[in-house]
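Undergrad:
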Amino acid sequence: MRIVLAPAGSCSCRPSQLRFSSSPGFFRRQPSHSPHLQEGTAWRSSQAGSCHAARRRAQVQVRAVAAVRQAVSQHAPTDIEYDAVIIGCGMGGLTTATQLAAQGAKVIVLEKYLIPGGSAGHYKRDGYTFDVGSSMMFGFGKEGTTNLITRALANVGKALATVPDPCQIHYHLPSSNEHPDGLDVKVWRRYEDFVEELSQRFPHERAGIKKLYDECWAVFNALNSLDLKSLEEPRYLLGEFFKHPLACLTLVKYMTGNTGDYARKYIKDPVLLRFIDIECYCWSTVPADFTPMINAGMVFCDRHYGGINYPKGGVGRIAESLEEGLQERGGFVEYKANVQEILMEPSNSTGAPSRAVGVRLGDGRIYRGKTVVSNATR
């Protein structure tokens with residue numbers, strides 16, 4: 001059995017492979033500074049006293065969602081072979097499904113929960129929309145190739161109105177000897193404004209700050225010239241190399257480096273280095289030494305290039321729109337579909353490994369496919 005990592009939107013329909021997809025890396029669970037509360041959405045209350053009542057009301061809402069889903073859901077046919085059977089209706093599974101369907105593939109997505117999107121879903125209560133997790137959205141830009149959400153939606157004929165955020169994050173960091181009142185830094189959408197603000201906090205590191213973020217721009221500009229798919233797919237990289245050799249060589253230079261090494265190359269102030277750690281941790285959930293420079297270049301620059309943009313109606317509108325586009329192209333989404341087993345059969349070729357040919361659900365239904373893609377988290 002060959003197991004291949006297939007980032008969202010990059011999966012191609014090929015037999016005899018079991019593929020694992022990953023959610024797009026352009027949004028993370030972060031506090032949002034977008035004015036989306038003015039658009040009729042709200043954040044979950046974190047106050048302990050209201051948790052019990054909120055939980056009861058949320059359960060009522062989930063039951064209402066379940067009733068709606070059950071009313072409109074129809075079992076997808078089990079007597080055909082799909083081009084792709086996709087496990088999980090999170091953003092990785094949905095984008096894989098929609099991009100395949102846009103190319104004419106026959107696709108089914110199996111989701112054990114009640115709504116699409118995974119951590120990029122939402123639910124409604126008392127006229128408000130509550131994001132389940134993701135809230136700081138990359139990929140809604142209008143230019144270049146790093147606007148992955150915009151392009152994924154467009155491929156199935158969809159688009160979403162968004163609210164631009166003038167400030168990605170407003171850092172309020174603890175006091176130190178160098179900053180007795182604490183470190184207050186805003187990551188402005190305009191790149192020059194952010195670099196100037198950070199340089200004012202660390203004037204002795206002004207040159208190093210500029211050099212570090214210039215390195216990030218070198219990575220981003222290379223990525224932004226490619227038709228982004230999977231940087232882990234050799235055939236894709238080979239094809240892009242012949243079209244964009246300089247960009248690919250630039251990426252090779254940074255491919256094995258981490259952000260911490262590049263930060264220490266230009267910056268010596270330990271407080272500023274800790275700030276770079278936090279910059280990485282806010283979206284990669286690991287400090288700079290464990291954050292690939294390729295990833296940092298993407299995020300540190302796209303927040304200024306495409307910006308952080310919050311979708312009107314809530315983050316869950318992304319998944320809902322992708323689901324609509326998938327169904328309009330003949331694809332299926334099955335909810336309350338708990339996959340119990342990935343079915344394997346011996347390959348026809350002598351000595352070749354077994355291949356995935358379908359899945360079995362908890363209720364006994366079997367869906368067969370030329371390719372099985374797992375976006376399941378557990």
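Taking full-length UniProt numbering, I'd label the letters of the sequence shown as residues 1 to 378.
For every residue, glycine included, the Cβ atom is placed at its ideal position computed from N, Cα and C.
(1) Please state if the CB of Tyr128 and the CB of Lys106 are separated by a distance shorter than 8 Å.
(2) If you run the structure through DSSP and keep just helix, strand and coil, what is Ile80?
(3) Nearest to Val252 by CA position, among Met293, Leu114, Lys142 and His75, is which residue?
(4) Would you mind working out which of Glu320, Thr96 and Val373 sits nearest Leu114, comparing C-alpha positions?
(5) If you count every other CB in all the chains shown that lies within 10 Å of the CB of Leu223, and 16 or more means buried, which is it?
(6) Residues bridged to Pro311 by DSSP?
(7) In whole angstroms, give me the CA-to-CA distance for Ile366 and Lys112.
(8) What does a CB cutoff of less than 7 Å around His244 pick up in its chain, not counting 5 residues either side in sequence?
(9) Given a cut-off of 8 Å on the beta-carbon distance, is the pair Glu323 and Leu100 in contact?
(10) How should Lys158 be labelled, buried or exposed, when 16 other C-beta atoms within 10 angstroms of its C-beta is the threshold for buried?
(11) Between the stretch 295 to 304 and the stretch 130 to 142, do at least 3 Cβ pairs fall closer than 8 Å?
(12) With distances taken Cα to Cα, identify the nearest neighbour of Ala356 among Glu345, Gly364, Gly362 and Ser119.
(13) So, at 7 Å on beta carbons, what are the nonlocal neighbours of Leu212 in its own chain, with the 5 sequence-adjacent residues on each side left out?
(14) Given that a residue counts as buried once 16 or more other Cβ atoms are within 10 Å of its Cβ, and exposed if not, what is Met91?
(15) Please determine if the stretch 170 to 180 and the stretch 335 to 344 are in contact, where contact requires at least 3 C-beta pairs separated by less than 8 Å.
(16) Determine the contact status of Val187 and Lys210, defining contact as a CB-CB distance below 8 Å.
(17) For Pro292, list the residues DSSP reports as bridge partners.
(18) Is Val359 near Val372, with beta carbons less than 8 Å apart?
(19) Using the Cα positions of Asp184 and Pro270, report the straight-line distance between them to the nearest angstrom.
(20) Measuring straight from C-alpha to C-alpha, what distance separates Tyr254 and Val219?
(21) Our contact map puts Val163 next to Tyr310 with C-beta atoms below 8 Å; I'd like the distance itself, whole angstroms only.
(22) Around the C-beta of Leu37, are 16 or more other C-beta atoms found within 10 angstroms, so that it is buried, or is it exposed?
(23) How long is the line joining the alpha carbons of Tyr281 and Gly364, rounded to whole angstroms?
(24) In its own chain, which residues sit with a C-beta less than 8 Å from the C-beta of Ala76, not counting the 5 before and 5 after it?
(25) So the candidates are Lys142, Leu153 and Phe275; which of them puts its Cα closest to the Cα of Gly182?
(26) Name the residue from Leu272, Ala288 and Trp283 whose alpha carbon lies nearest to the alpha carbon of Arg201.
(27) Could you check where the alpha helix (DSSP H) with Glu143 kicks off and where it finishes?
(28) Quick one: measure Cβ to Cβ for Ile318 and Leu148, integer angstroms, because I've assumed they're closer than 8 Å.
TA: In short:
(1) no
(2) coil
(3) Met293
(4) Glu320
(5) buried
(6) Thr162
(7) 15 Å
(8) Ser225 and Leu226
(9) Not a contact, by the Cβ cut-off of 8 Å.
(10) buried
(11) With the cut-off at 8 Å, the stretch 295 to 304 and the stretch 130 to 142 touch.
(12) Glu345
(13) Around Leu212: Tyr262, Ala263, Tyr266 and Ile267.
(14) buried
(15) Fewer than three pairs of CB atoms, one per stretch, sit closer than 8 Å, so the stretch 170 to 180 makes no contact with the stretch 335 to 344.
(16) no
(17) Asn258
(18) yes
(19) 16 Å
(20) 7 Å
(21) Between Tyr310 and Val163 the Cβ distance is about 5 Å, and since that is below 8 Å, they are a contact.
(22) Confidence at Leu37 is low in this model, with a pLDDT of 33, below 50, so its placement is unreliable and no value can be given for it.
(23) 43 Å
(24) Ile108, Phe332, Glu334 and Tyr367
(25) Phe275
(26) Leu272
(27) First-last for Glu143: undefined, no H or E at that position.
(28) So it is not a contact: roughly 11 Å between Cβ atoms.
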